[in-house]
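Residue numbers (our numbering), protein chains in the order written: chain A, 1 to 107; chain B, 1001 to 1161; chain C, 2001 to 2883. Where a beta carbon is used, it is the ideal one built from N, C-alpha and C, also for glycine. Please read the structure below before turning to the comments.
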Amino acid sequence: MFPSRSKMKVKILNWHAVASWTWDAQDETCGICRMAFDGCCPDCKYPGDDCPLIWGACNHSFHLHCILKWVNSQTSQPHCPMCRREWQFKAWEQRRRGFQLETPGQC
Amino acid sequence: MTSSSAPSRKALSKIACNRLQKELVEWQVNPPAGFKHKVSDNLQRWVIEVNGAQGTLYANETYQLQVDFPEHYPMEAPQVIFLNPAPLHPHIYSNGHICLDILYDSWSPAMTVSSVCISILSMLSSSTAKQRPADNDRYVKNCRNGRSPKETRWWFHDDKV
Amino acid sequence: MDSLAEESFGEILENWGGFVACTETLLKGKGDPSVGSQLVPLVATLCVHGLGSLAQDHFLQSLAETFKTNVVSKFWQQFHAYRDGPRLNVHEDWREEVLNKSVEEMWTDHEDWHEEVLNKSLDEICTERSYMEKCVLVLVHALQSYDEGITKGNIEFQHLHSHLISRFQLMVSSVLLTTLPLHFPEVLRLYFRKKLEELSTIIAGEYEDGCESQIDDHYFNQQTKRSHLGDMDTIGTYSAIAISNDNSLVKSIGKVVRELRSLGFTSLTEDAYASAIFLLLKNKVHSLAGDEYRSPVLQSIKDWIQAVPLQFLNALLVYLGESIDYDSSASGLKSPLASCPFSYPGIDTPSEGLVRWQLRLEYFAYETLQDLRIGKLFEIIVDYPDSSPAIEDLKKCLEHTGQHSKLVESFVSSLRYRLLTAGASTNDILHQYVSTIKALRTIDPAGVFLEAVGEHIRDYLRGRKDTIKCIVTMLTDGTGGNSSGAGNSGESLLEELTRDAENQENADCDEDINSDEKQAWLSAERWEPDPVEVDPSKCGRSRRKIDILAMMVSIIGSKDQLVNEYRVMLAEKLLNKSDYDIDSEIRTLELLKIHFGESSMQRCEIMTNDLIHSKRTNASIKASIPQPSLEGADQGKTNLPLNILDVTIISSNFWPPIQEETVNVPSSVDQLLSDYSKRFHEIKTPRKLLWKKNLGTVKLELQFEDRTIQFTVTPVHATIIMQFQEQTSWTSTNLAAAIGIPVDLLNRRINFWVCKGILAESVGKDSNDHVFTLVEDMMDPNRNGLTSSGYEGLITADEERERSVASVEEQLRKEMTIYEKFIEGMLTNFGSLSLDRIHNSLKMFCLAEPPYDKSLQQLQSFLSSLVSEEKLEMRDGMYFLKK
Chain A
1 MFPSRSKMKV
11 KILNWHAVAS
21 WTWDAQDETC
31 GICRMAFDGC
41 CPDCKYPGDD
51 CPLIWGACNH
61 SFHLHCILKW
71 VNSQTSQPHC
81 PMCRREWQFK
91 AWEQRRRGFQ
101 LETPGQC
Chain B
1001 MTSSSAPSRK
1011 ALSKIACNRL
1021 QKELVEWQVN
1031 PPAGFKHKVS
1041 DNLQRWVIEV
1051 NGAQGTLYAN
1061 ETYQLQVDFP
1071 EHYPMEAPQV
1081 IFLNPAPLHP
1091 HIYSNGHICL
1101 DILYDSWSPA
1111 MTVSSVCISI
1121 LSMLSSSTAK
1131 QRPADNDRYV
1141 KNCRNGRSPK
1151 ETRWWFHDDK
1161 V
Chain C
2001 MDSLAEESFG
2011 EILENWGGFV
2021 ACTETLLKGK
2031 GDPSVGSQLV
2041 PLVATLCVHG
2051 LGSLAQDHFL
2061 QSLAETFKTN
2071 VVSKFWQQFH
2081 AYRDGPRLNV
2091 HEDWREEVLN
2101 KSVEEMWTDH
2111 EDWHEEVLNK
2121 SLDEICTERS
2131 YMEKCVLVLV
2141 HALQSYDEGI
2151 TKGNIEFQHL
2161 HSHLISRFQL
2171 MVSSVLLTTL
2181 PLHFPEVLRL
2191 YFRKKLEELS
2201 TIIAGEYEDG
2211 CESQIDDHYF
2221 NQQTKRSHLG
2231 DMDTIGTYSA
2241 IAISNDNSLV
2251 KSIGKVVREL
2261 RSLGFTSLTE
2271 DAYASAIFLL
2281 LKNKVHSLAG
2291 DEYRSPVLQS
2301 IKDWIQAVPL
2311 QFLNALLVYL
2321 GESIDYDSSA
2331 SGLKSPLASC
2341 PFSYPGIDTP
2351 SEGLVRWQLR
2361 LEYFAYETLQ
2371 DLRIGKLFEI
2381 IVDYPDSSPA
2391 IEDLKKCLEH
2401 TGQHSKLVES
2411 FVSSLRYRLL
2421 TAGASTNDIL
2431 HQYVSTIKAL
2441 RTIDPAGVFL
2451 EAVGEHIRDY
2461 LRGRKDTIKC
2471 IVTMLTDGTG
2481 GNSSGAGNSG
2491 ESLLEELTRD
2501 AENQENADCD
2511 EDINSDEKQA
2521 WLSAERWEPD
2531 PVEVDPSKCG
2541 RSRRKIDILA
2551 MMVSIIGSKD
2561 QLVNEYRVML
2571 AEKLLNKSDY
2581 DIDSEIRTLE
2591 LLKIHFGESS
2601 MQRCEIMTND
2611 LIHSKRTNAS
2621 IKASIPQPSL
2631 EGADQGKTNL
2641 PLNILDVTII
2651 SSNFWPPIQE
2661 ETVNVPSSVD
2671 QLLSDYSKRF
2681 HEIKTPRKLL
2691 WKKNLGTVKL
2701 ELQFEDRTIQ
2711 FTVTPVHATI
2721 IMQFQEQTSW
2731 TSTNLAAAIG
2741 IPVDLLNRRI
2751 NFWVCKGILA
2761 ESVGKDSNDH
2771 VFTLVEDMMD
2781 PNRNGLTSSG
2791 YEGLITADEE
2801 RERSVASVEE
2811 QLRKEMTIYE
2821 KFIEGMLTNF
2831 GSLSLDRIHN
2841 SLKMFCLAEP
2851 PYDKSLQQLQ
2861 SFLSSLVSEE
2871 KLEMRDGMYF
2881 LKK
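The following block contains the structure:
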């Protein structure tokens, strides 16, 4: 028996899919506030663009707001809370921010 | 009294509160070996029982750590001291103050109560002699007015112990 | 002395004999004037011998006997026809009922019964009576003649006259009352009732006639009267018609009353017409109010009281030429109510008696209407808000009678019997609860009775598992999910939210504390004492604002549970959107935020924000990809255009746990998804998308040779049907493998297509393995009507959908597990702890994400599950670790 070729065609008019977003970080939680990366830091209300992640040159990531608080509280040269290396923002972050400007209405 | 020597305390910030609750839950789920958190309803001051590790000078001895958290924890280090009687140790003063860099200059917000405890236990475990620091009397005398160890300018004796 | 005595004795005997004979003649005869003159010397002689009083006694006794034997028995005999056997012999308890019944019977049986019997016999007896009175006057005259010979003054005579007349009257009434048959009061009642009804018909008729021609005149009269009397009452429809006191009907009634009174039946008569009036009023109330709840009746009842019974009473009193003084002993104390500016149309100065009558009648009307309404309160509330006029009436009645406790008792028992039963759906109960709150709020703004009634409903609802769900549905859906369509209280719950929002805005408050204080101040100003019926144990919170939402929350116990259920429902709705249109959700959420506080609704807000952001991101991603050339689109099904894809991107940390199932969507779709992800990653570096391929909605069109049908389905359904493009027949095992879902899930989902007649199911070689075949021929007779319209079969409700989100119960168990270690830690430290202690410690320490927000009951059920898992032990209310 041949599986007969169907005379029916399915035309998709609209496919409304669901996805969740995630920061592609190595850890699940921020080492400083211990909150989920995909959530937001304790100071923020909304996750995502409102409370972005930031990577250091050492490849450790934190909520931007958390690491800034730490960096600003240090009188001497700040270090990475995880590895104690001197804290430097990872260069490609600049690029990412460039993209962010494209999407309107976010701080 | 050492217990009253806590710095004038401001209530925990929201961030600190959040963070400590997380730590407490984590502690309950996965407490560091040799430590027991004494449950109280005070989130800002933890009292932790330390059991000396087997095979060390402090085996079968129990001490109590008192951890006080500042308003801006974890951006600032907690104040950690031993309650009386403090263990005899070259880096632990008789008033309970501990000479350990991570509690002061080398604090990092990624550290937790649990990781601090482990550092303290390892400091105890690596001791080869049960003795007070050489400058114990002078230091303790200086601290009589209830000075916090965090106000001390520490120079750290050596990295090994 | 002896001789004198002997002589006198003879004279006395002679005279006495003459007097007795004379009396007899007088009583038997019909007004023979000569008898009177004969009597004079006889009486004089007897008086001389000091036997005057004996003569009087004899005279009256003879009168009494004659009256009794000749007149009274005949009088009673007239009414013999209306006496039924059983009535006289029944037991006391039954009497009233039977009497009422017999009145009714008489009413119907003796339709032609006429007051003539009463009139005639009354006339007769009164004639007899007045003749006898004349006889008494003859005696008085005789005595007077004797007196005049001795004394000149007639003070003595006046005294004698009234003394004898009153003795006579006493005699008459005592004879009548001692022989009174039991049914006589009833006869009277019936008489008055019939007369009153005639009267009320006349008045109604007069009104009909008069209202058109004389309306201006009446209006004018009313105006002047109002200003004159400072009228407070509304003058109703009948008001302008006054019964003139020479009305023949009133006259005839008045005559009867007067005759009855002259026979000494004063109070009997009054009782009779009073009870006739009350009966009439009761019937009037019942006929006006009845089962009609949608219009107010109280005013028309009051108008009727003014128009009929009060007019009648007034006319009667005027005719009788006196105002009845009900308790003249208290005349020094004027009734405080008498000074009320009542208006009596057509009556210039109402007598105190009339005012009292009005108060009595109105109180009776209030009580009757109140009882009627309370008895039907359940139906009235079902009908709320259409029935609000009935509620308003009831409120006014209760204000006068103060019998609120009657309402509570009666309503609670009808609730128990009719609503709080297994047969009632939770939705219906909730709807009735809302209506009850609203209705009782009108009657009792302090909420005291509501408290008493509501507690029963709440207690009952707490025992139902779907209560929270129903409440949330009512809050969010306009229809309240009420399939029976019995009302739209769902909408009104939303209304409540809206009203609440407005109130908050009006209060102009930024901070909760301020608003609370302000509220407290406002309510303090409006303070009224609680009604006396209040159970003191329940009036601690004496100043509660009746807030329907708060009362809903109080069923559930905590607002967190409600918010949680709402979040699950919201997630379900948002995930099943095929567009980004969430205006109504946002509106509801905004209202809930006002009510429950922003922080409680934080997660929900993130969810709706996700939808808003998704719409934007979706648009910019699609804009950033060049449209595939037409050529490419033509080439085949493998390249689907990106514009058919829309994506909802969620912040999964803030959503309820998502039910994830793997499914292999068709490769063309998969390609589209990965193109989309890539683009997203480029725009939002370093963020990435994680697909929930089983979630979402797909709109598709099945194109057969002869027809096309559109469906909106889940991705799994779409994936299934797309497999039948290549191959018309699949076994369930093979198909499940191809799609990458478990066979049982496939069987559940594919059923949709079978039901729609697109696929046919048959048993394969292996009896566990079903074979599904595409039905290509529309002419299959089994499917007639299914495909008659090309745009049929959109998935409508959730019944076709599996839930996208884990239910609250599943979540609870999962969420509580986080605290398990914590609880174990505490128990290790303390050995044993009470439920309260554990609850409080968790509250204290678990404030971070996820904060501990469970109720004591939830914790208890979790702990008992730990006990049943033998992780914990419980003894004497303390929990221990199981060793």
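- Per DSSP, reduced to three states, the secondary structure at B:VAL1039 is coil, with no helix or strand assignment.
- Sixteen is the threshold: since fewer than 16 other Cβ atoms of the shown chains lie within 10 Å of the Cβ of A:ASN72, the residue is exposed.
- A direct Cα-to-Cα measurement between B:ASN1142 and B:VAL1080 gives close to 18 Å.
- In summary, C:GLY2454 is buried, with 16 or more beta-carbon neighbours lying within 10 Å of its beta-carbon over all protein chains present.
- Residue state for C:VAL2663 is assigned as coil, using DSSP reduced to three classes.
- Taking a C-beta cut-off of 8 Å against chain C, the contacting residues of the region 1033 to 1065 of chain B are LYS1036, HIS1037, LYS1038, VAL1039, ASP1041 and LEU1043, listed in chain order.
- Excluding five sequence positions before and after C:MET2722, the CB atoms of its chain that fall closer than 6 Å to its own CB belong to PRO2666, given in chain order.
- C:SER2804 counts as buried, since at least 16 other C-beta atoms from the protein chains shown sit within 10 angstroms of its C-beta.
- In this model, C:TYR2819 and B:LYS1022 are separated by some 12 Å (Cα to Cα).
- When C:LEU2415, C:ILE2380, C:ARG2418 and C:ALA2365 are compared, the shortest CA-CA separation from C:THR2401 is found for C:ALA2365.
- Proximity of B:GLN1079 to chain C, defined by a Cβ-Cβ separation below 8 Å, is not satisfied.
- Here C:TYR2676 carries a helix assignment [DSSP, helix/strand/coil].
- In terms of beta-carbon proximity, A:ILE32 stays away from the interface with chain C, with every pair separated by 8 Å or more.
- Ranking A:HIS16, A:LYS11, A:CYS58 and A:LYS7 by CA distance to the CA of A:ALA25 puts A:CYS58 first.
- Residue contact with chain B for A:LYS9: absent (no Cβ-Cβ distance below 8 Å to any residue of chain B).
- C:ALA2760 and C:LEU2640 have their alpha carbons spaced roughly 29 Å apart.
- Around the beta carbon of C:ASN2576, 16 or more other beta carbons sit within 10 angstroms, so the residue counts as buried.
- For C:ASP2303, no beta strand (DSSP E) segment is defined; the enclosing uninterrupted segment is the alpha helix (DSSP H) at 2298 to 2307.
- Counting only runs of at least 4 residues, the region 25 to 104 of chain A fully encloses the following alpha helix (DSSP H) elements, listed from N- to C-terminal order: 64 to 73 and 92 to 100.
- Looking from the CA of B:LEU1043, the closest CA among B:SER1013, B:HIS1097 and B:VAL1050 belongs to B:SER1013.
- Close CB contacts of C:GLU2198 within its chain, under the 7 Å cut and outside five residues either way in sequence, are with LEU2249 (chain order).
- The Cβ of A:LYS69 sits closer than 8 Å to at least one Cβ of chain B.
- Assigned with DSSP and collapsed to three states, C:ARG2749 falls in helix.
- One Cα belongs to C:CYS2846, the other to C:ILE2838, and the distance between them is close to 12 Å.
- Beyond the five residues adjoining it in sequence on each side, C:LYS2684 comes within less than 8 Å, by CB distance, of THR2617 in the same chain, given in chain order.
- Looking at the backbone, the Cα of C:LYS2693 and that of A:LYS9 are separated by about 22 Å.
- In the three-state scheme derived from DSSP, where H, G and I count as helix and E and B as strand, C:ARG2167 is classed as helix.
- Under DSSP, B:GLN1131 shares a beta bridge with no residue.
- For A:ASN14, the nearest beta carbon of chain C is closer than 8 Å to its own beta carbon.
- One Cα belongs to C:THR2368, the other to C:GLU2292, and the distance between them is close to 15 Å.
- Secondary structure at C:ILE2582: coil, using DSSP grouped into helix, strand and coil.
- Proximity to C:LEU2317 across C:LEU2827, C:VAL2355 and C:GLY2290 peaks at C:VAL2355, based on C-alpha coordinates.
- At a cut-off of 8 Å, the C-beta of A:GLY39 has a neighbouring C-beta in chain C.
- When secondary structure is reduced to three states using DSSP, C:ASP2459 falls in the helix class.
- The three-state secondary structure of C:HIS2049, taken from DSSP, is coil.
- With distances taken between CA atoms, C:ILE2125 lies nearest to C:SER2262 out of C:SER2262, C:ARG2748, C:SER2732 and C:LEU2042.
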